[in-house]
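Residues in the sequence shown are numbered consecutively from 1154, following the numbering used here.
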Amino acid sequence: MNRIKQYNAHFAGAPHNMIQWLLDQPFYIRRMLTEFKDTRRGPPLFFKIQVVLAVVLSLLYLVSPVDLLPEAVLGYRGLLDDIVVFIAAYAYISSAYRAVLVARHAS
């Protein structure tokens, strides 16, 4: 019974704490990459566009000479804003994919 409650908590849209979110990430990454390769039943087109935009925009920010914390002035500490942008993009993609899974399996 405990395993059923745990499963329902993961996939029924229940709120998660940060540690549980981090523990779930390897599962979501593997599943998302597997679904992207599946041509018969992959994620919705809108989600694929969101993922591509998040990755492209975060890469553009990385190579952009305009930064909140410029590397030329602050050295390696200037990379902190780049890391934050990648973490934010990753968190956005992860939460969007979780929403896709919840919507797909809720019906």
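Built from N, CA and C at the ideal position, the CB exists for glycine as well.
Predicted model, so just to flag it, every value in this text is computed and none were measured.
Between the C-alpha atoms of I1153 and L1233, what's the straight-line distance to the nearest angstrom?
The structure shown has nothing for residue 1153, since the chain only spans 1154 to 1260.
How long is the line joining the alpha carbons of D1220 and K1158, rounded to whole angstroms?
45 Å
Taking the beta carbon of V1237 as the centre, do at least 16 other beta carbons fall within 10 Å, making it buried, or is it exposed?
Under the 10 Å beta carbon count, V1237 is surrounded by fewer than 16 other beta carbons and is classified as exposed.
By alpha-carbon positions, which one of F1200, A1242, S1247, D1191 ends up nearest to L1176?
S1247
Assuming Y1250 contacts M1185 under a Cβ cut-off of 8 Å, what Cβ separation, rounded to an integer in Å, is found between them?
5 Å
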